[in-house]
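Take a look at the structure below.
Number of protein chains: 2
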Amino acid sequence: MDNYLLALDFGGTKLSAAVLPVSELQQDSPTWLAHERVFSPQDGDARFDIEAMIRLGKRLLGGKRPLSVGVSFGGPVDYLSRIVRLSHHVPGWENVPLQKLLEVEFSSPVRVDNDANIAALGEWRFGAGRGIDSLFYVTVSTGVGGGWVLNGSSWRGHEGMAGEIGHTVVDPDGPVCLCGKRGCVERLASGPYMAQDFMALSGSIDADITGKMVAELAAQGDEYARKILLRGARALGIGLGNAANLINPQRFVLGGGVTKSGELWWQKVRHAAEQTALPEVRFDIVPAVFADDAPLWGAVALMEGLKDEG
Amino acid sequence: MDNYLLALDFGGTKLSAAVLPVSELQQDSPTWLAHERVFSPQDGDARFDIEAMIRLGKRLLGGKRPLSVGVSFGGPVDYLSRIVRLSHHVPGWENVPLQKLLEVEFSSPVRVDNDANIAALGEWRFGAGRGIDSLFYVTVSTGVGGGWVLNGSSWRGHEGMAGEIGHTVVDPDGPVCLCGKRGCVERLASGPYMAQDFMALSGSIDADITGKMVAELAAQGDEYARKILLRGARALGIGLGNAANLINPQRFVLGGGVTKSGELWWQKVRHAAEQTALPEVRFDIVPAVFADDAPLWGAVALMEGLKDEG
């Protein structure tokens, strides 16, 4: 008789769940026994999402009790006190004791962490970081944030705030970020800010311009788009090089929409990172393997870590 | 009958050794049984230093066999292969298997690490970092470098290069550093560079000006000195704030000559670090407790970690 792991992902606009037989962990490419994704209603709240997720999980389990439950949450989580701090997308998530609620429902140990830490763990265990001793996963998208795996486990920091590369300063005289500082990596390298700066620079009045479109225009040779895209790539590269000098991880794994910006972008990121790091500080920078399923695979990796916590 | 730990410090210009009874580790302020420091000859080499250190250690031990030997080395050490890579001050240290040599001499397990990691460990165990879960120790002196303690042990990085905050970039358009980059923390905040920049700014032709003198002049109200000192403090603070956003350590401990620059300097460092870190990223910044003896106490802490390595 096999045992089963239940992976859950509260993603802001979507709820996903999947069941993995423990025996699949021996496989090179483990396969879900069941897997489903539903949309979260736009006018929903935390309570609604939790109830919908419990129904979804139980349906996929089909009466089986899971060995454990791993949960990815798209917002700040207090890992030690097992509490969700808040959601930027869905109301009612302030200080929800999600772990306790789910432990009662599933009669199994539950672990919850935020999506950046979870994605880092998932890439390390099943994706672009297999066999690596230390990595920094960075998502470059609407925001820029990351998660560390050091010595084979998540490094969350003293109060769970580690990984905020998006708000490291790489140009103290640069443009002002929403956080109040100047020249943060996120201010220069995130999709929405690149779109905004492209509009200002080019004089475009198309309010629908996105980071993706800036990358496409740059690939077509648009001078302004190229300038903005490469400035963002350089800022990110300096941030990665600084992180390399500070922590000397073996690998950086980059995910998120902006990483689809093409070879020009990747070259500039790698070049700036290598220029910033000392010559003895070596690393590689690779694309993430997972997209939508990253949180679920990371939740599985989080459950595997349970035995080490005793 | 007590057991004894032997702590050794190869410091570039000085050799230090001390013997600690294991029972002293229970004390709040452990006291050396024996402790001595000798100057290393200016025309010496690695072989001479090693032989002098072995004689010194054996004399302090007085015929006792140490339980273990902990060694601080003032230069890059490959911790995993137990080899000293090189010394910037003394010839002949390239790839010396220091651990093996000392294990034969003392018939005891030996651990060697570089002085930044060792000082971090010493401050964490016996000094300004007692009871703290994670800290970054930074020495601000001729150079700027640091060492991490995460979860109660040294974090050295994938290839032992972690802690190089001095070569993180905080101003990509700043002055050129010896490492080739612009606006490194070390280029702006180290003693010799502050002295050099003060001379250039003030038009002084006194070639003996030091970082310490710049701090003294700033305290006396000299406008140029104040500008250079505060620029250095700001660069260091941005570097610390960036490190806080990335790793979220509980505390920063600062040592080295430049930290004696007075309240003006400390205020600016703390202010810039707090401005750079996100509001949720909290930490404190405190002076190191140890000065000359830091490496010896760190070497003791390194020996305590031996049992965890199995």
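Protein chains in written order, with this note's numbering: chain A, 10 to 319; chain B, 10 to 319. Each residue gets a CB set at the ideal place from its N, CA and C atoms; glycine is no exception.
- S25 (chain B) sits close to R46 (chain B), with the two beta carbons spaced by under 8 Å.
- The C-beta distance from P181 (chain B) to G192 (chain B) rounds to 6 Å, short enough to meet the 8 Å contact threshold.
- Contact note: A171 (chain A) reaches chain B through L255, I256, N257, using a C-beta cutoff of 8 Å and chain order.
- Short of 8 Å from the beta carbon of V105 (chain B), and not among the five residues preceding or following it, lie these beta carbons of its own chain, in chain order: A55, I59, I92, V93.
- Annotation: T22 (chain B) to S270 (chain B) spans about 24 Å, alpha carbon to alpha carbon.
- The continuous beta strand (DSSP E) containing A16 (chain A) extends over residues 13-19.
- Restricting attention to B:E225, B:D122, B:T219, the CA atom closest to the CA of Y88 (chain B) is found in B:D122.
- Within chain B, the residues L159, W164 have their CB atoms less than 8 Å from the CB of L159 (chain A), given in chain order.
- Of all residues in the stretch 185-208 of chain A, the ones placed with a Cβ closer than 8 Å to any Cβ belonging to chain B are C188, K190, in chain order.
- The stretch 116-133 of chain B makes no contact with the stretch 149-165 of chain A: fewer than 3 CB pairs, one atom from each, lie closer than 8 Å.
- Sorting A:L249, A:G131, A:M312, A:H97 by C-alpha distance to the C-alpha of E195 (chain A) places A:L249 at the top.
- Looking at the backbone, the Cα of P258 (chain A) and that of H44 (chain A) are separated by about 33 Å.
- Residue pairing of N123 (chain B) in beta bridges, as defined by DSSP: B:F82.
- In the assembly as shown, V185 (chain B) is an exposed residue. Its beta-carbon has fewer than 16 other beta-carbons within 10 Å.
- Counted as a single uninterrupted DSSP element, the stretch harbouring H280 (chain A) is not any beta strand (DSSP E) but the alpha helix (DSSP H) occupying residues 272-285.
- CA-to-CA, the gap between A234 (chain B) and L226 (chain B) works out to about 6 Å.
- The Cβ atoms of T177 (chain B) and G200 (chain B) do not sit closer than 8 Å to each other.
- Taken in chain order, the complete beta strand (DSSP E) segments of 3 residues or longer contained in the stretch 105-168 of chain A are 119-123, 143-149, 153-159, 162-164.
- Residue-level contact check: E132 (chain B) does not touch chain A, since none of the beta carbons of chain A fall below 8 Å from its beta carbon.
- Contacts between R291 (chain A) and chain B, judged by CB atoms closer than 7 Å, involve E168 in chain order.
- In terms of beta-carbon proximity, V147 (chain A) stays away from the interface with chain B, with every pair separated by 8 Å or more.
- Comparing alpha-carbon positions, the option among B:I214, B:G79, B:G138, B:S213 lying closest to D293 (chain B) turns out to be B:G138.
- When only Cα atoms are considered, D37 (chain B) and F145 (chain A) end up about 38 Å apart.
- When the beta-carbon positions are compared, F299 (chain B) and G131 (chain B) come within less than 8 Å of each other.
- Assignment of I174 (chain A) by DSSP, reduced to helix, strand and coil, places it in the helix class.
- When DSSP states are grouped into helix, strand and coil, L24 (chain B) belongs to the strand group.
- The distance from the Cβ of V267 (chain B) to that of V295 (chain B) is about 15 Å, inconsistent with a contact at the 8 Å cut-off.
- For P304 (chain B), the closest alpha carbon among the candidates B:W102, B:W133, B:P30 is that of B:W133.
- V309 (chain A): member of the alpha helix (DSSP H) spanning 303-313, first to last residue.
- About 4 Å separates the beta carbons of N254 (chain A) and E173 (chain B), which is inside the 8 Å limit, making them a contact pair.
- Contact with chain B is found for Q284 (chain A), since one of that chain's Cβ atoms lies less than 8 Å from the residue's Cβ.
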